[in-house]
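Q: First the structure, then my questions, so here it is.
Chains as they are written, first to last, in the numbering used here: chain Y, -10 to 164; chain W, 13 to 232; chain Z, 196 to 614.
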């Protein structure tokens, strides 16, 4: 059975017990509690803050706290222009994040360098770290960022979690 | 006291190293011919004329002219509410002039930025190192012969840089050329995307030759 | 009936002395100084600033700021763009108050071209309205982020609520929530939409309620006052020597506001006061910002009442894009449109400096032009760049947790600092 499914649950039929695959359950837990690590560098950071404020509440979608610590976060939202001076710091912070981790490149500057085609700007953060979702806009509206978060959630729902888990010690059959 | 009075007092004190006051759009500019005396002139301006606020220090690259760099000091006096501009030229071989951090502390960071962007050194500066680019970056970005796209550099563990894909842009016609063909944006060669005005090409034949002969080494 | 009592707060130096005296028995243990890196990515929402701190226990002995993590090469880009093409880059300088940057840049180029006296009065009033809205927006975020860093997190959400109203106004006026690119050389990109003036008036009334709430939460709050009073004292002569401008300068007691000293636009016809602090500590700077916002509302109300009718652009085909219906039918307008878009307006040769009173300080543009549509050199004097240079003088002697309060009260923006 190779198909990966979401959780289907009807309380009238199943009552208090949910039958599902481990993949689907783990993905459901992960996607509904993606804690962002805001790499707020420039103007997009203001829209990121606006997305976290009360009008476009990002915590409705599970991103309850903006954890500024990479060890405690799941998704890094690169918001703003990444300059060459800052590039290796961003890479180091990405390396410190624990698996599983995802990246949203928010705004034109993070996706491709934006309108700053100059000697000091990294032309897209995907030159140093792998990006999952790009958000267009300069700056993107907070609704666009929330849409990106929902797309990321759909992407997370399809991940093959159990296949990626490694076993530390082999199973010993009890004779 | 108006700016013109203050400018005249400054000229009276320092004589002929200061030029005539140039007025443009209500601002007075004085040109200092000897860059080594800039600290003295600024000290006098602060102590005796009351210019206690240094607004800005800028640097201009006159690529193709000699002396190459012009350093521009904007002074302001809170007491008299007057503004004055002092300009001085620095050649490329020496590219050094005394610092004015002894007069105004704010000159510290402005001069570091000019060193970083243009490569002009300031003698006597307490801590002259790069401020906007990283330590060890080998080029001076705001010089006219440095392309907008940048040059590749590599400093492992600190920073790297690659040229940005300009694709022949930015698409702005070059001002000052003889005719529409000379003003076309693509007349600028992308690798040497520094020489803006064709008028400069006319004045410096070796630069013009560099455009025609790729093996030519231009020595400004 | 509770009585009003003055709060007794000793000054910071005395407090530190008392603590040091109490732990005197540890003073014979000589330790090394610790070097702490407050890195470019840190939780206060002030952008990418790196400070290398040398600490002796909890007290800072040396602070070295490291800027340049947001240096995008604006000045080099400006040498390759026409004056109008550079307007979007000016939005992103102080990205908390983009309208103010747009107005400052447009005024600088108009000073170079010599046309600033020809601006129609409607255009000038609308530009003042934009500047003051930007000032309220920037100070709201400054105070909100400052309060959040110091610990009062509710204030942040309150101020963002009001900023969303300003974003609504900007969106209906310019099309974008912020990064507006609203002004053009010689005028504005478009006139006010219908109904905007009433919306703005309603906003003025509502925002004052929010100011009162914020003041109730912060101004006499024992914790906030303890954290900010006598912290980061900036004496007058130091402020002038280091070139500090804006609310930081006024917090130290120097009454200097470019809108009053060298009025531009219609500021000389408007009545407003300039708040000035007395001591120069973080608390004073916070109070100056709160009062400046109230004065901005006062200016807004006057402008909305006095707003005249008329055109918003200078009627000169060589500077301002002509009307589209004329462009498509008449030859002369077509030529003007073509030349303005491809080559830009023909600026005279010469150099000017223009400084405007931005929310963070004096934003100055030095333009050196050799004729033609692109500048030979455009230098941006960012107020945050200069305000940050005082940190090595201001931080030593304070404790580690005061650093956050001082940074919040200086209220800098890295977009302006690094350009």
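From the three backbone atoms N, C-alpha and C, an ideal C-beta is built for every residue, glycine too.
Judging by CA-CA distance, which residue of W:37, W:51, W:62, W:44 is the nearest neighbour of residue 17 of chain W?
A: Position 5 of the second chain, counting from 1, holds the residue named residue 17 of chain W. For the residues W:37, W:51, W:62, W:44, the minimum Cα distance to residue 17 of chain W belongs to W:62.
Q: Hey, is residue 289 of chain Z's beta-carbon within less than 7 Å of any beta-carbon in chain W?
A: Indexing the third chain from 1 puts residue 289 of chain Z at position 94. Chain W, which has no Cβ nearer than 7 Å to the Cβ of residue 289 of chain Z, makes this no.
Q: Determine, for residue 114 of chain W, whether the minimum Cβ-Cβ distance to residues of chain Y falls below 7 Å.
A: Here residue 114 of chain W corresponds to residue number 102 of the second chain, with the count starting at 1. Taking Cβ atoms only, chain Y never reaches closer than 7 Å to residue 114 of chain W, which makes this a no.
Q: Using a Cβ-Cβ cut-off of 7 Å, state whether residue 50 of chain Y counts as contacting chain Z.
A: Translated into positions along the first chain, residue 50 of chain Y becomes position 61. For residue 50 of chain Y, the answer is no, since every Cβ of chain Z falls outside 7 Å of its Cβ.
Q: Are three or more beta carbon pairs between the stretch 363 to 378 of chain Z and the stretch 463 to 470 of chain Z nearer than 8 Å?
A: no
Q: Could you spell out where the beta strand (DSSP E) holding residue 95 of chain W opens and where it closes?
A: Taking the second chain and counting its residues from 1, the one referred to as residue 95 of chain W is at position 83. Segment 94 to 102, the beta strand (DSSP E) holding residue 95 of chain W.
Q: Look up residue 124 of chain Y in the DSSP assignment and say whether it is helix, strand or coil.
A: The count along the first chain starts at 1 and reaches residue 124 of chain Y at position 135. It is a strand residue.
Q: In this structure, how does DSSP classify residue 136 of chain Y when only helix, strand and coil are distinguished?
A: Residue numbering aside, residue 136 of chain Y sits at position 147 when the first chain is read from its first letter. Here residue 136 of chain Y sits in helix by DSSP.
Q: In chain order, what residues of the same chain have a beta carbon less than 7 Å from the beta carbon of residue 478 of chain Z, not counting five sequence neighbours either side?
A: By 1-based counting over the third chain, the position of residue 478 of chain Z is 283. Excluding positions up to five away in sequence, the list reads 420, 423, 424.
Q: Please confirm if residue 235 of chain Z has its CB atom under 7 Å from at least one CB of chain Y.
A: As a position in the third chain, residue 235 of chain Z is number 40, starting the count at 1. Closer than 7 Å: yes.
Q: List the residues of chain Z whose Cβ lies closer than 7 Å to the Cβ of residue 104 of chain W, in chain order.
A: Working through the second chain from its first residue, we reach residue 104 of chain W at position 92. Within 7 Å Cβ-Cβ: nothing; residue 104 of chain W doesn't reach chain Z, min ~17 Å.
Q: Which class does residue 327 of chain Z belong to by DSSP, given the choice of helix, strand or coil?
A: As a first step, residue 327 of chain Z must be located in the third chain, where it is residue number 132. Residue state, collapsed to three classes: helix.
Q: Just to confirm before moving on: does the CB-CB distance between residue 100 of chain W and residue 66 of chain W stay below 7 Å?
A: Stepping through the second chain from its first residue, residue 100 of chain W is reached at position 88. Stepping through the second chain from its first residue, residue 66 of chain W is reached at position 54. No, the pair does not count as a contact, with Cβ atoms beyond the cut-off.
Q: If I'm right that residue 264 of chain Z touches residue 75 of chain Y with Cβ under 8 Å, what's the distance once you round it to whole angstroms?
A: Position 69 of the third chain, counted from the start, is the residue given in the question as residue 264 of chain Z. Position 86 of the first chain, counted from the start, is the residue given in the question as residue 75 of chain Y. Going by Cβ atoms, the distance from residue 264 of chain Z to residue 75 of chain Y rounds to 4 Å, so yes, they are a contact pair.
Q: Tell me, to the nearest whole angstrom, how far the beta carbon of residue 94 of chain Y is from that of residue 104 of chain Y; I am working on the premise that it is less than 8 Å.
A: Stepping through the first chain from its first residue, residue 94 of chain Y is reached at position 105. Stepping through the first chain from its first residue, residue 104 of chain Y is reached at position 115. Not a contact, Cβ separation roughly 15 Å.
Q: Please tell me whether residue 58 of chain Y has its Cβ less than 7 Å away from any Cβ of chain W.
A: Position 69 of the first chain, counted from the first residue, corresponds to residue 58 of chain Y. Residue 58 of chain Y does not count as touching chain W.
Q: For a test of the three-state rule: what should DSSP assign to residue 426 of chain Z, helix, strand or coil?
A: Mapped onto the third chain, residue 426 of chain Z falls at position 231. Coil.
Q: Taking all protein chains shown into account, do 16 or more other C-beta atoms lie within 10 angstroms of the C-beta of residue 112 of chain Y, making it buried, or fewer, making it exposed?
A: Here residue 112 of chain Y refers to the residue found at position 123 of the first chain. Label assigned to residue 112 of chain Y: buried.
Q: Smallest Cα separation from residue 471 of chain Z: which of Z:460, Z:449, Z:454?
A: Translated into positions along the third chain, residue 471 of chain Z becomes position 276. Out of Z:460, Z:449, Z:454, the CA that lies nearest to the CA of residue 471 of chain Z is found in Z:449.
Q: Apart from the five residues on each side of it in sequence, which residues of its chain come closer than 8 Å, Cβ to Cβ, to residue 316 of chain Z?
A: Start at 1 with the first residue of the third chain, and residue 316 of chain Z comes out as number 121. Correct list, in chain order: 461, 503, 505.
Q: Quick check on residue 207 of chain W: does DSSP put it in helix, strand or coil?
A: Here residue 207 of chain W corresponds to residue number 195 of the second chain, with the count starting at 1. Its pLDDT being 48, under 50, residue 207 of chain W is placed unreliably in this model, and the value from its coordinates should be taken loosely. Coil at residue 207 of chain W, not helix or strand.
Q: Answer with yes or no whether the minimum CB distance from residue 165 of chain W to chain Z is below 7 Å.
A: By 1-based counting over the second chain, the position of residue 165 of chain W is 153. False, the Cβ-Cβ gap to chain Z never drops below 7 Å.
Q: Counting only beta-carbon separations shorter than 7 Å, does residue 74 of chain Y have a partner in chain W?
A: Taking the first residue of the first chain as 1, we reach residue 74 of chain Y at position 85. Judged by the 7 Å Cβ criterion, residue 74 of chain Y is in contact with chain W.
Q: Going along the stretch 357 to 373 of chain Z in order, which residues come within less than 9 Å of chain Y, judged by CB to CB distance?
A: 358, 359, 362, 371, 372, 373
Q: Any contact of the stretch 300 to 311 of chain Z with the stretch 524 to 534 of chain Z, i.e. 3+ C-beta pairs under 8 Å?
A: The stretch 300 to 311 of chain Z and the stretch 524 to 534 of chain Z do not touch, with fewer than 3 CB-CB distances between them shorter than 8 Å.
Q: Is residue 146 of chain W close to chain Y? Criterion is C-beta to C-beta, closer than 7 Å.
A: For the purposes of this step, residue 146 of chain W is taken as residue 134 along the second chain, with counting starting at 1. Yes - at least one Cβ of chain Y is within 7 Å of the one on residue 146 of chain W.
Q: Would you say residue 62 of chain Y faces chain W, with C-beta separation under 7 Å as the test?
A: Position 73 of the first chain, counted from the start, is the residue given in the question as residue 62 of chain Y. Not an interface residue.
Q: Tell me the DSSP secondary structure of residue 167 of chain W in three-state form.
A: The residue labelled residue 167 of chain W in the question sits at position 155 within the second chain. The three-state reading of DSSP puts residue 167 of chain W in strand, counting E and B together.
Q: Between the stretch 265 to 295 of chain Z and chain Y, which residues of the former have a C-beta closer than 9 Å to a C-beta of the latter?
A: Within the stretch 265 to 295 of chain Z, the qualifying residues are 265, 266, 267, 268, 269, 271, 272, 283, 284, 286, 287, 290, 291, 293.
Q: Got a sec? Which residues, its chain only, sit under 7 Å from residue 196 of chain Z by beta carbon, not counting five neighbours each side?
A: Here residue 196 of chain Z refers to the residue found at position 1 when the third chain is read from its first residue. The predicted position of residue 196 of chain Z is uncertain, since its pLDDT is 47 and thus under 50; no value can be drawn from it.
Q: Can you round the beta-carbon distance between residue 592 of chain Z and residue 310 of chain Z to whole angstroms, since I take them to be within the 8 Å contact cut?
A: As a first step, residue 592 of chain Z must be located in the third chain, where it is residue number 397. As a first step, residue 310 of chain Z must be located in the third chain, where it is residue number 115. Actually they are not in contact, since the Cβ atoms of residue 592 of chain Z and residue 310 of chain Z sit about 50 Å apart, beyond 8 Å.
Q: From residue 90 of chain W to residue 64 of chain W, what does the alpha carbon distance come to, in whole angstroms?
A: One-based indexing of the second chain puts residue 90 of chain W at position 78. One-based indexing of the second chain puts residue 64 of chain W at position 52. Taking the straight line from one Cα to the other gives about 7 Å.
Q: Consider the Cβ of residue 112 of chain Y: report whether some Cβ of chain W lies at a distance smaller than 7 Å.
A: Counted from its first residue, the first chain places residue 112 of chain Y at position 123. Chain W, which has a Cβ nearer than 7 Å to the Cβ of residue 112 of chain Y, makes this yes.
Q: How about residue 600 of chain Z and residue 564 of chain Z: do their beta carbons lie closer than 7 Å?
A: Position 405 of the third chain, counted from the first residue, corresponds to residue 600 of chain Z. Position 369 of the third chain, counted from the first residue, corresponds to residue 564 of chain Z. In this structure, residue 564 of chain Z does not lie closer than 7 Å to residue 600 of chain Z by Cβ.
Q: Given a threshold of 16 other Cβ atoms within 10 Å of its Cβ, counted over all protein chains shown, does residue 128 of chain W qualify as buried or as exposed?
A: Position 116 of the second chain, counted from the first residue, corresponds to residue 128 of chain W. With 16 or more other Cβ atoms within 10 Å, it is buried.
Q: Which ranges would you report for the beta strand (DSSP E) in the stretch 223 to 254 of chain Z if only whole runs of at least 3 residues count?
A: 229 to 233, 245 to 251
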